[in-house]
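Residue numbers (our numbering): 585 to 802.
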């Protein structure tokens with residue numbers, strides 16, 4: 585009887601071939617199609633990345649310089665006591681657009697606390713949620729007011745002071761104290777999801793950062 589003698593190189597070749605086959609099988613398993621849940625999660629991650637990378641444009645209103653998302657379109661309509669108005673596209677699942685308003689009033693338009701209370705008062709007390717944060721953008725102090733709930737939406741000319749209860753709404757208001765003592769008011773209102781999705785964009789427009797802020801009690 586003759587026994588085949590395996591040389592060192594022959595054995596090594598066999599081991600290598602077996603290892604390669606195992607790696608190929610493992611690789612094939614890794615390339616399995618993504619489950620619907622995993623694919624949806626990946627799609628959402630891609631959309632978030634797109635939002636973060638959204639192109640901005642420089643906008644100058646009086647002495648105020650902002651960087652606003654390119655998708656926000658300035659309205660040509662002239663509204664009393666407004667420096668500018670922008671239409672914000674609806675967020676995912678929303679039909680109505682958001683509205684971004686820039687204002688400034690002689691004498692600062694009242695104190696910080698009074699304006700915060702006024703904005704919060706524009707929402708029904710039932711189910712209302714409000715958070716106020718304070719920060720600095722360069723040398724400018726600012727306050728961000730984030731309110732959600734049922735908005736008492738203006739209905740008709742401002743002089744009539746009519747409102748309409750509109751549930752599922754959100755407002756992000758900013759009181760921005762510039763170096764020259766001029767106070768600007770930035771206010772984004774609209775459907776909850778639409779406004780919430782643009783919160784970071786509102787902050788970034790004037791150089792604000794959430795991590796550098798603290799909660800403000802009034």
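Backbone N, C-alpha and C fix where the C-beta goes; we use that ideal spot for every residue, glycine too.
Predicted model, so just to flag it, every value in this text is computed and none were measured.
To the nearest angstrom, report how far apart residue i and residue j are at their CA atoms.
{"i": "residue 740", "j": "residue 698", "result": "25 Å"}
{"i": "residue 645", "j": "residue 667", "result": "7 Å"}
{"i": "residue 735", "j": "residue 748", "result": "8 Å"}
{"i": "residue 702", "j": "residue 731", "result": "12 Å"}
{"i": "residue 723", "j": "residue 760", "result": "11 Å"}
{"i": "residue 802", "j": "residue 680", "result": "32 Å"}
In terms of residues, what are the limits of the alpha helix (DSSP H) holding residue i?
{"i": "residue 807", "result": "Nothing about residue 807 can be read from this structure; the chain reaches only from 585 to 802."}
{"i": "residue 660", "result": "Careful: residue 660 lies outside any alpha helix (DSSP H) and carries neither H nor E."}
{"i": "residue 787", "result": "783-790"}
So the beta strand (DSSP E) residue i belongs to, where does it begin and stop?
{"i": "residue 721", "result": "713-721"}
{"i": "residue 687", "result": "682-687"}
Does the Cβ of residue i have 16 or more other Cβ atoms within 10 Å, making it buried, or fewer, making it exposed?
{"i": "residue 694", "result": "exposed"}
{"i": "residue 729", "result": "buried"}
{"i": "residue 665", "result": "exposed"}
{"i": "residue 765", "result": "exposed"}
{"i": "residue 745", "result": "exposed"}
{"i": "residue 790", "result": "buried"}
{"i": "residue 700", "result": "buried"}
{"i": "residue 690", "result": "exposed"}
{"i": "residue 786", "result": "buried"}
{"i": "residue 713", "result": "exposed"}
{"i": "residue 686", "result": "buried"}
Pairing CB atoms from the segment 667-677 with CB atoms from the segment 772-790, are three or more of them under 8 Å?
-> yes
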